[in-house]
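Read through the structure below, which is laid out as structure tokens, and then see the notes.
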Amino acid sequence: MHRMLRESPPLAMEDVAEAERLEALNCFDVIDTPREEAFDRITRLIRNIFDVPVAIVSMIDGHRQWYKSYEGLENREVSRDETFCKYTLQDMTPLVVPDARDDIRFAQNPMVTAGPQVRFYAGVPLRTNKGHNIGTVCAIGFEPRAFTPRETAILCDLAALAMDELELRQLASVDPLTGALSRRAFKERAANAIALAQRHEHGLACIAFDLDHFKSINDGHGHATGDKVLAAVAAACRGQLRGTDIFGRLGGEEFALVLPHTDRAQMGGVAEKVREAIERVAVRNGETPVPVTSSFGMAALDARTADIEALLANADAALYEAKAAGRNRCVAWRSPNDAPGSPRRRVLKAGRILFNNRMSSIDCTVRTLGGDGAGLDVTSSIGVPGTFNLQIRSDAFDSCCRIASQTERHIEVEFC
93 MHRMLRESPP
103 LAMEDVAEAE
113 RLEALNCFDV
123 IDTPREEAFD
133 RITRLIRNIF
143 DVPVAIVSMI
153 DGHRQWYKSY
163 EGLENREVSR
173 DETFCKYTLQ
183 DMTPLVVPDA
193 RDDIRFAQNP
203 MVTAGPQVRF
213 YAGVPLRTNK
223 GHNIGTVCAI
233 GFEPRAFTPR
243 ETAILCDLAA
253 LAMDELELRQ
263 LASVDPLTGA
273 LSRRAFKERA
283 ANAIALAQRH
293 EHGLACIAFD
303 LDHFKSINDG
313 HGHATGDKVL
323 AAVAAACRGQ
333 LRGTDIFGRL
343 GGEEFALVLP
353 HTDRAQMGGV
363 AEKVREAIER
373 VAVRNGETPV
383 PVTSSFGMAA
393 LDARTADIEA
403 LLANADAALY
413 EAKAAGRNRC
423 VAWRSPNDAP
433 GSPRRRVLKA
443 GRILFNNRMS
453 SIDCTVRTLG
463 GDGAGLDVTS
473 SIGVPGTFNL
483 QIRSDAFDSC
493 CRIASQTERH
503 IEVEFC
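The structure is reproduced here in structure tokens:
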């Protein structure tokens, strides 16, 4: 771990509990995965049973509430500071708010005073077998209302069904929309390929890519067209791959490849072929063509990057560099200043960005971490200064950082 630039205070119990909670959430590998019918069915049931306009199945990471399924909303996530569900997360029992304007915790919340003007809320935590609350199932209304014990019991049953689905989805091996491997199956296959590469000392590369401005495709052409684009992209990608290559869908529009018997010098050619094939994808919304491009990050197996998590973390960092450089391009991972350093690893940790002499702070979720730098998810990168301190209280970590690249909601940093 990179040396600390200042001494961190002793860990509070809540920091330890939050680190354990995020570790439990990370085990489900669900954050930023695509919508799934099993969870959409639960949110539809919530709306129909309780006659409410909004229903959510959500996960909560270090800085946001992210919706695995949602009905009656446009956004897919909201800042953790603004969500009612942060209180549900703290409790072992359901939380019912008949009228948010009469509750001191919520009366001044922007979700109440502006925006959708929430009045009623009922939420149940998603609790793992070991007692960690990783998210919530909730019903939301725009008018005050009572919620009976019977209705609360039904919502608890629906939350239990959501947890059952989270357990079951870990067994799925193929993404039904694209035919690519699921995230978990991809990682399992990749781990086997890496073990073989290490045993027989042959090259192996990892490529991460996602579609540029995919949200604009969904917003402008509809989710049905977005699904057609995803399926067409997957088909185009498979057309460029060998039978031994491993292809997975990691998130909504995020895919990854593991290429056995491929070294650093060769991986760029493969990535460029796939990028060009995706650019040729022809999807139409009626008579309107839908242009598709993608950004690529690449990383090669070496002595310091020895497992799939480290490879994906390095490929992710290069992918964000490709986005920051203008998108629709391929970028290879390199450690800062091309200096040798410890590899990145994928993590899920709560962090804080500290600036203005530590008087100002922004919550973030640390997604990759290494000896040279880190990858941070934020609600918005607007207003984040070029240099700041990153604090990860659960690791007693506090270091000066400078921004290497950034997109709207992600920042890659190098440690000073």
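If you want the working numbering, it's the 1-based position in the sequence shown plus 92. Just so you know, even glycine gets a beta-carbon here, dropped at the ideal spot from N, CA and C.
Review point. Does the region 258-272 come close enough to the region 198-216 to have 3 or more Cβ pairs within less than 8 Å?
Key: no
| request: May I ask which residues mark the beginning and end of the alpha helix (DSSP H) holding R113? | output: M105 to F120
With 16 other Cβ atoms within 10 Å as the buried cut-off, status of D194: Exposed, since its Cβ has fewer than 16 Cβ neighbours within 10 Å.
field: T380 beta carbon less than 8 Å from that of E371
entry: no
Among K222, K279, V189 and D267, which one has its Cα closest to the Cα of P236?
-> V189
So what does R438 bridge to, in DSSP terms?
-> T460
Within the same chain, show all residues whose beta-carbon is closer than 7 Å to that of L181, passing over the 5 residues directly before and after it, in chain order. Closer than 7 Å at Cβ, skipping near neighbours: I152, P217, N225 and T228.
(request) State the DSSP-derived secondary structure class of I503, mapped to helix, strand or coil. (result) strand
* Pairwise C-alpha distance: T336 and C177 -> 44 Å
Measuring CA to CA, which of A277, M451 and L468 is closest to R459? L468
_Going by the DSSP bridge assignment, what does Q510 pair with across the sheet?_
What the structure shows of the chain is the stretch from 93 to 508, and residue 510 is not part of that stretch, so it cannot be assessed.
For the beta strand (DSSP E) that contains P352, what are its first and last residues? Counting along the chain, the beta strand (DSSP E) containing P352 begins and ends at E346 to P352.
What residues in its chain sit with their C-beta under 7 Å from that of A109, if we drop five residues either side in the sequence? If the five residues before and after A109 are omitted, its C-beta is found closer than 7 Å to no C-beta atom of its own chain.
Per DSSP, what kind of secondary structure is C493 in: helix, strand or coil?
-> DSSP places C493 within a strand segment (E or B) once states are collapsed to three.
query: Can you tell me the Cα-Cα spacing of A417 and H305, whole angstroms?
result: When rounded, the separation of the alpha-carbon atoms in A417 and H305 is 14 Å.
Next on the checklist: I need the DSSP call for M96, collapsed to helix, strand or coil.
Outcome noted: With a pLDDT of 47 at M96, under the threshold of 50, the modelled position of this residue cannot be trusted; read the value that follows with caution. In the structure shown, M96 sits in coil (DSSP, three-state: anything other than H, G, I, E or B).
*Which residue from R438, S472 and T270 puts its Cα closest to that of R127?*
T270
What is the DSSP secondary structure of K160, counted as helix, strand or coil? strand
With which residues is Q358 paired in a DSSP beta bridge? Paired residues: none, contrary to the question.
Query raised in the report: By the 10 Å Cβ neighbour count, where 16 or more other Cβ atoms means buried, how is E163 classified, buried or exposed?
Result: Result: buried.
message: Can you give me the C-alpha to C-alpha distance between F198 and A348, rounded to a whole angstrom?
response: 41 Å
Practice task
May I have the straight-line CA-CA distance separating C329 from A374, to the nearest angstrom?
Solution key: 13 Å
Under three-state DSSP, which class holds S217? In the sequence under discussion, the amino acid at residue 217 is Pro, which differs from the Ser named in the question. Note: P217 maps to strand in three-state DSSP.
Taking the C-alpha atoms as reference points, what is the distance between R139 and A231?
7 Å
| task | Go ahead and label R426 buried or exposed: buried means 16 or more other beta carbons lie within 10 angstroms of its beta carbon, across all protein chains shown. | result | exposed
Bridge partners - V170, DSSP secondary structure assignment | Q157
- Query: Sorted by chain position, which residues of the same chain lie with C-beta nearer than 6 Å to L303's C-beta, five sequence neighbours on each side aside?
  - Reply: E345 and S386
Next on the checklist: For the pair the region 389-403 and the region 354-366, tell me if three or more CB-CB distances fall below 8 Å.
Outcome noted: Enough Cβ pairs lie closer than 8 Å, so yes.
Please report the straight-line C-alpha distance between F278 and T240, rounded to a whole angstrom. 44 Å
ask   = Secondary structure at Q290, three-state DSSP: helix, strand or coil?
value = When DSSP states are grouped into helix, strand and coil, Q290 belongs to the helix group.
* From the DSSP output, in three-state form, read off V204 for me. => Here DSSP, grouped into helix, strand and coil, assigns V204 to helix.
(message) For a quick check, are the C-beta atoms of R444 and D455 less than 8 Å apart?
(response) yes
- prompt: Looking only at its own chain, which residues have a Cβ that is under 8 Å from the Cβ of G331, when we skip the five neighbours before and after it?
  reply: Residues of the same chain with a CB within less than 8 Å of the CB of G331, apart from the 5 flanking positions on each side, are A369 in chain order.
Check: If you follow the alpha helix (DSSP H) that P241 is part of, which residue opens it and which one closes it?
Finding: P241 to R261
CA-CA distance, I503 and N406? 14 Å
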